[in-house]
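Enquirer: Protein chains in written order, with my numbering: chain A, 41 to 202; chain B, 41 to 202. Mind looking over this structure? Questions follow.
2 protein chains.
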Amino acid sequence: MLYIHYTNTMTNIGYPISEIVGEVTRECVMTRTRRIARVITNLYDSYLRPHGINAPQFSLLVMVAKMGSASRAEIGRANRQERSTLTRNLALLLEQGWVEEVVSAGGRSRPIIISETGKALLEQAVPSWRTAQEKARQLLGQESIGTLLRMENNLAQTESSA
Amino acid sequence: MLYIHYTNTMTNIGYPISEIVGEVTRECVMTRTRRIARVITNLYDSYLRPHGINAPQFSLLVMVAKMGSASRAEIGRANRQERSTLTRNLALLLEQGWVEEVVSAGGRSRPIIISETGKALLEQAVPSWRTAQEKARQLLGQESIGTLLRMENNLAQTESSA
DNA sequence: GTTAGTGTAGTGTATATACAACATACATGT
DNA sequence: ACATGTATGTTGTATATACACTACACTAAC
């Protein structure tokens with residue numbers, strides 16, 4: 041009987057911490073996803089910085105341009121962000137004059153469109169974005185990029201599952 | 041001569057905004073990476089919430105456990121985070137008592153280790169993490185997960201390139 | 001040994017993000 | 001018309017993140 045305790049100093053016989061840590065370290069999708077996002081965001085930030093826009097803002101500006109005239113809620117759903125996050129992030133783009141509120145809208149919501157200033161910024165910044173893209177391809181590997189797109193399409197199909 | 045202007049209302053002949061927007065929307069690695077990270081983080085958050093820990097904190101706690109006894113700077117390098125980010129994120133884990141500072145350390149740095157409380161939390165929370173993992177696999181597709189790991193390994197080889 | 005360089009931790013500031021709670025607007029059912 | 005339900009936008013709060021700067025500690029060069 042005593043030998044059982046003697047030969048095992050782990051608190052939890054079934055799941056020693058070392059095994060849990062190994063399993064999570066090897067397999068955690070969330071940890072890796074976030075780490076990749078950090079590295080990639082820093083990369084794009086560094087190339088976009090001279091243009092006075094950062095990576096998430098560039099991303100949002102393109103989203104607004106793509107959607108044409110959309111409410112904060114619509115943009116949020118398309119970009120998988122909270123309404124409140126959209127409100128705050130758009131406030132910065134509005135301050136910079138890169139996007140505008142559509143004044144003619146009835147009453148409840150004030151759709152957002154890209155401004156001429158915003159378009160000019162995109163045209164000016166897109167070469168830097170392309171350089172960042174190239175670096176990202178080198179960093180992640182060309183074939184990973186394809187998988188990335190496919191992944192995102194899977195997400196799109198599973199609307200609001202989290 | 042006049043017809044050239046007549047048939048093209050774009051400001052920039054070479055790169056109409058619509059093409060730029062299309063290109064970025066289709067191809068931007070940063071946009072997609074961040075969107076995936078948001079969705080995945082929310083997923084893990086929802087499963088970990090009952091345990092009083094969120095996704096990034098769980099991730100960091102496992103990282104600390106894995107590294108054994110590491111300085112903030114070392115953890116930051118391994119996890120691709122700024123030292124200052126590490127300082128603040130670890131402060132929360134310290135407050136909760138999930139990690140501890142090693143007191144015996146000489147003087148300049150105070151290495152961090154996981155505490156017994158932290159180990160207990162991991163043991164308690166890991167089943168929820170496994171459920172989140174399963175949902176993530178369903179969401180992204182089994183084969184994408186493998187690519188994700190490979191991607192991260194590529195990153196690891198390219199130390200501090202951004 | 002004093003100086004110059006490097007590495008570590010912390011603080012100030014700004015942004016990204018989510019959740020909870022609220023006020024308002026719209027939509028329906030009765 | 002009124003009550004109920006649902007969608008939109010905002011604000012408060014907390015956390016994650018990076019950059020710039022500061023304060024130390026250690027190291028090496030002289």
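Heads up, the beta-carbon is just placed ideally off N, CA and C, and yes, glycines get one too. Since the structure is predicted, the reported quantities are computational estimates derived from the model, not experimental observations.
Check distances from the C-beta atoms of the segment 68-90 of chain B to those of chain A and list, in chain order, the residues that come in under 9 angstroms.
Expert: Those residues of the segment 68-90 of chain B that come within reach of chain A (Cβ to Cβ, closer than 9 angstroms) are Cys68, Val69, Met70, Thr71, Arg72, Thr73, Arg74, Arg75, Ile76, Ala77, Arg78, Val79, Ile80, Thr81, Asn82, Leu83, Tyr84, Asp85, Ser86.
Enquirer: Is it the case that the segment 159-176 of chain A contacts the segment 61-81 of chain B, given that we only count it when at least three CB pairs across the two stretches are under 8 angstroms?
Expert: Contact between the segment 61-81 of chain B and the segment 159-176 of chain A is present, because at least three Cβ pairs lie under 8 angstroms.
Enquirer: Whose C-alpha, out of B/Trp138, B/Leu83, B/Leu180, is nearest the C-alpha of B/Leu100?
Expert: Residue B/Trp138 is the option with its Cα nearest to B/Leu100.
Enquirer: Ends of the beta strand (DSSP E) at A/Val139?
Expert: Its beta strand (DSSP E) spans residues 139-141.
Enquirer: For A/Leu162 versus A/Ala110, is the C-beta spacing smaller than 8 angstroms?
Expert: Contact flag unset, no.
Enquirer: Going by DSSP, which residues form a beta bridge with A/Ile152?
Expert: The partner list for A/Ile152 (beta bridge, DSSP) reads A/Ala110, A/Glu141.
Enquirer: Using beta carbons (cut-off 8 angstroms, strictly below), is B/Trp169 in contact with chain A?
Expert: B/Trp169 counts as touching chain A.
Enquirer: Whose C-beta lies closer than 7 angstroms to the C-beta of A/Leu132 among residues of the same chain, with five residues either side of it excluded?
Expert: Closer than 7 angstroms at Cβ, skipping near neighbours: Gln97.
Enquirer: Look at the alpha carbon of B/Glu114 and the alpha carbon of A/Ile57, and state the distance between them as a whole number of angstroms.
Expert: Approximately 21 angstroms, taken between the alpha carbons.
Enquirer: Is B/Arg150 near B/Glu141, with beta carbons less than 8 angstroms apart?
Expert: The answer is yes: Cβ separation under 8 angstroms.
Enquirer: When Cβ atoms are compared, which residues of the segment 119-152 of chain A fall closer than 8 angstroms to chain B?
Expert: Answer set for the segment 119-152 of chain A: Asn119, Arg120, Gln121.
Enquirer: Are the C-beta atoms of B/Ala202 and some chain A residue less than 8 angstroms apart?
Expert: For B/Ala202, the predicted structure reports a pLDDT of 36, less than 50, and the residue's modelled location is therefore unreliable. The matter cannot be settled from this model.
Enquirer: State the DSSP-derived secondary structure class of A/Ile115, mapped to helix, strand or coil.
Expert: Helix.
Enquirer: For B/Gln178, count neighbouring C-beta atoms within 10 Å of its own C-beta (all shown protein chains included) and say buried if the count is 16 or more, exposed if not.
Expert: Classification for B/Gln178: exposed.
Enquirer: Mind checking A/Ala196: buried by the 16 CB within 10 Å criterion, or exposed?
Expert: Exposed, because fewer than 16 other Cβ atoms sit within 10 Å of the Cβ of A/Ala196.
Enquirer: Who are the Cβ neighbours of B/Ile44 in its own chain at under 6 angstroms, not counting the five residues just before and after it?
Expert: For B/Ile44, the predicted structure reports a pLDDT of 37, less than 50, and the residue's modelled location is therefore unreliable. The matter cannot be settled from this model.
Enquirer: Could you name the residues of chain A that B/Ala105 contacts, counting a contact when the two beta carbons are closer than 7 angstroms?
Expert: Here the neighbours are Ile57, Val61.
Enquirer: State the Cα-Cα distance for the pair A/Leu126 and B/Val143, rounded to the nearest angstrom.
Expert: About 44 angstroms.
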